[in-house]
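A short worksheet on the structure shown next.
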Amino acid sequence: MVDERFEPKIVAFLCNWCSYRAADLAGTARIKYEPNVRMIRVMCSGRVDPTFVLKAFALGADGVMIAGCHPGECHYLEQNYKAMRRFNMLKHTLKAMGVEEGRIRLQWASAAEGVQLASAINEMVDQVRELGPLNWAQNWHEDGEVEAAIQRIEEEHAEVMEVPA
Amino acid sequence: MSEKVGVYICHCGSNIAGVVDVEDVAKFAGEQIENVAVSRDYKFMCSSLGQELIEEDIRKEGLTRVVVAACSPHLHEKTFRRACANAGLNPYLCHMTSIREQVSWVIEDKAVATEKAKAMVAAAVKRVELHEELEPSEVPVNPNTLVVGGGITGIQAAIELADAGYPVYLVEREPSIGGHMAQFDKTFPTLDCAACILTPKMSDVGSHPNIHLLSYSEVEDISGYVGNFHVRIRKKARYVDEEACTGCGICIEKCPKKVVDDVFEAGMGYRKSIYRPFPQAVPNWPVIDTESCTYFERGKCKACEIFCPTEAIDFEQQDSYIDIDVGNVILATGYDLFDARKVPQYGYGRLANVFTSLEFERMCNASGPTEGKIVLRDGITEPKSVAIIHCVGSRDENHNPYCSSICCMSALKFGHLVMEKTDAEVTSFYIDVRTSQKGYEEFYNRLLEEGMHFVRGKAAEITDAARQPGEEGKLIVQAEDTLLGKQRRVPVDMVILMSALEPKADAKDVGLQFGISCSMEGWFTERHPKLDPVATMTDGIFVAGVAQGPKDIPASVAQGAAAAARVQGMITAGTVEIEPIVATIHEEICSGCKICNNLCPFNAIEFLEDKEVSYVNAALCKGCGTCVAACPAQAISGAHFNNDQIFAEIGGILYDAIGGNGAKAPAKSKEPAPA
Ligand SMILES: Cc1cc2nc3c(=O)[nH]c(=O)nc-3n(C[C@H](O)[C@H](O)[C@H](O)COP(=O)(O)OP(=O)(O)OC[C@H]3O[C@@H](n4cnc5c(N)ncnc54)[C@H](O)[C@@H]3O)c2cc1C
Ligand code: SF4
Ligand code: SF4
Ligand code: FES
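So the sequences go chain by chain: A and B. Under my numbering, think of the first position of the first sequence as 1, with each following residue one higher. Under my numbering, think of the first position of the second sequence as 166, with each following residue one higher.
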């Protein structure tokens, strides 16, 4: 590599039933995709607390992906709809905080969609590479109260981010 | 007290070690991640020696936590949890991270792969430190089993279980069980008559004291979990009282209304408005098809009622519902046939003498519409030449990429039947002839000897436009003979299209209903393609037969029996362990806002009016964690996926990023590391 290309770090939250299995399938099928994504398994996309996303940004992620079963196919019936509403709120909030929309992505991937998951990852990595580093954590690095600051965001936005039942 | 974590990096032969520098990862974990007491790499962690390694370290080194970086937890989490339990460590204090599926199989660059593996190991260590001991709960297994689909697969499964002494509910959508096999004349490769081997099994089902046959019925709703499912079944109105009907069939005889039978006769024959699909139907009570029945159309007729000797006809009958409890479910819902009209160049539906495989099966059947005579659409003329086209809708990227697995053998069977019953010449147009099971290649050789012709090439078109002498009035199959390397035009009287097997049109809905996934095409997905072919990711739901993927009758029967054996194992064990991954609400933190109350799709959350707090009923909670994420007071914690564990995992996975607080930070942490 001659010119130092920016390699973003992307954290992906994958639901256990569809998307994590899609990642398994991408592996079994030996589909190569960008290595920049690091995956965390949750039982359902509905488990993804907006604070997980904020935390990931605060700890140095340049992008966050949330992946779950297609609408109507959630293993827990309908929790991905809740994830979807929460995601829209979150996008809104992040925008207000100056984080570009392209840094978060909600991706549906069924257990059979290894290829689709891999290409969504590639797309997102390209997009975030284009946006450049977020440096959120660094901005806060000096203030010494990272935890408190994150906590404040969580609290201030708890209500907006909540899903009306 | 800090934990003592053991880290085990698996080589998986060369699957992982070929790409990831496993020694470097092990060294990294041992030297740079806090609280790692032991860090090793090993050829095959899942082997008994690999497991013993972990067990020994737990005993000798006093490990309190274990991380295994290997394949997907979906494959071996149970294996390593068991190893921990063997050595006295609570199994939930073990965590797996998938450096094969997510690293070595998807990344080519070794250095980059090794970096990613390190981050994943760091995350696993950070997470596992916060794991809590959990105890799976044990629940009883209801000995009743629900089998959905009464084709040969479902029949086999039901009989196996019933013979072993366990009650079975067999739900079949159609008026009779039997599935596709009941439509066939002979079965390859032995050519035994389908009815001769199937109907005894069908009557066994009908009369078995342990089998509750619910035909003309569908599963309306299912809830519960392994060992304890509640199922609501809708029995569609037959308009015939099952208690009173003796199955004499006088009503069918007297019914004045005849319609084309698109289902059992594949459009080749007729049935009455009150009918049973075929004479040996089980159960043999007829049903009234309200769409064609004169009484339902015009309010008069009732011929069947007038002639029924037992007053069994009941025009007022309504759909009824039956609620049952079962411990396990076997889905054996079979397949649909590809609609040959989707390949217009083959002319099905336009050219009269182009038949589908199923139509031809009915034609060959002695009790079918032509009484077994092979004739053209006019019903009298015997063909002098027949072409059989393989792979119609299979192995075709415009339709289905997969091989339907049974068509080549069916084509050979058809070739034999045509030559046995007529003097016609038979030519097969194939891409490859696939005869890989026992006795199949021999059958192919037999057909070669019997004089069936084979042209290697996919038919491009079937037309009735004659261009050369000898083609008038014929169907011409145009194909490139790839062995001779030239175009051929073969004039024939009759063409049979070997249509693909396709997932049932509603397979995805059925999958959703039972909480299991399907492949892109719609075949049910098994738990493991090699090692666990009839279980699914949802405990207590098994799949068998063609519903899982194209296969012949012997393989379908084997899977039906295998699924039954798995269920028997569950019943014999008597109880089953349920993952303790459930949500709990901390009363002292809960503000009673009730936000969570309506979020749970399983109604697991109640509001305790006296204490003014919410409460999760652990027996109903399935552990999705949605309520955990939603509680503004953070009063709910989701076992094994609690906030602290996930935060720690995020920290670990970003250990090398700016601000990363995961491991003892490596020197380069100020720069975003080139991954
Ligand atoms: C033309 C042709 C010829 C063949 N010849 C041979 C042969 O000679 N030898 C051989 O070994 N194999 C042959 N096969 C393959 C054979 O048909 C299958 O292997 C076998 O029938 C599979 O049985 P099954 O029970 O899995 O599926 P099916 O026979 O399709 O049975 C499924 C049953 O489930 C019912 N059902 C579906 N969905 C539901 C639902 N939601 N609720 C309730 N009930 C439902 C259906 O009504 C049906 O009765 C042939 C196939 C074709 C197309
Ligand atoms: S959302 Fe939280 S605080 Fe509100 S009722 Fe539920 S558990 Fe209690
Ligand atoms: S974790 Fe899911 S299933 Fe359990 S109570 Fe909360 S919302 Fe219901
Ligand atoms: S389980 Fe996949 S989104 Fe809910």
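Cβ coordinates follow ideal geometry from the N, Cα and C atoms, glycine included.
| Check | Outcome |
| --- | --- |
| Where E73(A) meets chain B, residues with beta-carbon distance less than 9 Å | K673, G676, L677, S682 |
| CB contact check: P841(B) to chain A, cutoff 8 Å | The structure shown does not extend to residue 841(B), since chain B is modelled only from 166 through 840, so no value can be given for it. |
| Contact the segment 216-233 of chain B vs the segment 166-175 of chain B: 3+ CB pairs below 8 Å | yes |
| For I801(B) and H751(B), the rounded distance between their alpha carbons | 6 Å |
| Alpha-carbon to alpha-carbon, V425(B) and R436(B) | 6 Å |
| Cβ-based burial, A235(B) [other Cβ within 10 Å; buried from 16] | buried |
| A730(B) versus G492(B) - alpha carbon distance | 14 Å |
| 8 Å Cβ cutoff, F52(A) in contact with chain B | yes |
| Listed by chain order, chain B residues near I40(A) by CB distance under 8 Å | A288, I811, E814, I815, I818 |
| Contacts around D454(B), its chain only, beta-carbon distance under 6 Å, and the 5 residues preceding and following it disregarded | S438 |
| One or two residues paired with W108(A) in a DSSP bridge | G68(A) |
| DSSP-derived helix/strand/coil call for S372(B) | helix |
| Residues in the segment 263-280 of chain B having any Cβ partner in chain A nearer than 9 Å | S263, R265, E266, Q267, V268, S269, W270, V271, I272, E273, D274, V277, A278, E280 |
| Exposure label - P8(A); buried when at least 16 CB within 10 Å | buried |
| Paired residues, beta bridge with A234(B) - DSSP | I174(B), T262(B) |
| Unbroken alpha helix (DSSP H) run spanning Y334(B), endpoints | Run containing Y334(B): none in the alpha helix (DSSP H); it sits in the beta strand (DSSP E), 333-337. |
| Delimiting residues of the beta strand (DSSP E) encompassing D386(B) | 382-390 |
| Residue burial classification, K639(B) (beta-carbon count within 10 angstroms, cutoff 16) | buried |
| Partners in chain B for G46(A), counting only beta-carbon separations shorter than 7 Å | C789, G790, T791, A794 |
| Cβ of E78(A) within 8 Å of any chain B Cβ | yes |
| Chain B within 8 Å of G27(A), Cβ atoms only | yes |
| Cross-strand partners of T592(B) (DSSP beta bridge) | A552(B), H618(B) |
| Beta-carbon contacts of I818(B) that lie in its chain and below 6 Å, excluding the five residues immediately before and after | A284, A288 |
| V642(B) and I661(B) closer than 8 Å at C-beta | no |
| Within-8 Å CB hit, S110(A) to chain B | yes |
| Entirely enclosed beta strand (DSSP E) segments - the segment 512-569 of chain B, minimum 3 residues | 519-521, 550-557 |
| Neighbour-count burial assignment, S372(B), 16 or more Cβ in a 10 Å radius | exposed |
| Counted within 10 angstroms of its Cβ, other Cβ atoms place Q846(B) as buried (16 or more) or exposed | What the structure shows of chain B is the stretch from 166 to 840, and residue 846(B) is not part of that stretch, so it cannot be assessed. |
| Beta-carbon gap between V508(B) and G544(B) smaller than 8 Å | no |
| Anticipated Cβ contact below 8 Å, V37(A) with F13(A), distance rounded | In fact, because the Cβ distance is near 11 Å, the residues do not count as touching under 8 Å. |
| Residue range of the beta strand (DSSP E) that includes M659(B) | 659-664 |
| Distance, R205(B) Cα to I181(B) Cα | 14 Å |
| Closer than 8 Å to chain B by CB, K82(A) | yes |
| Secondary structure of V53(A), DSSP reduced to three states | helix |
| Nonlocal neighbours in the same chain, by C-beta distance under 6 Å from K623(B), ignoring five residues either side | I596 |
| Neighbouring residues, chain B, relative to I31(A) (Cβ below 8 Å) | V271 |
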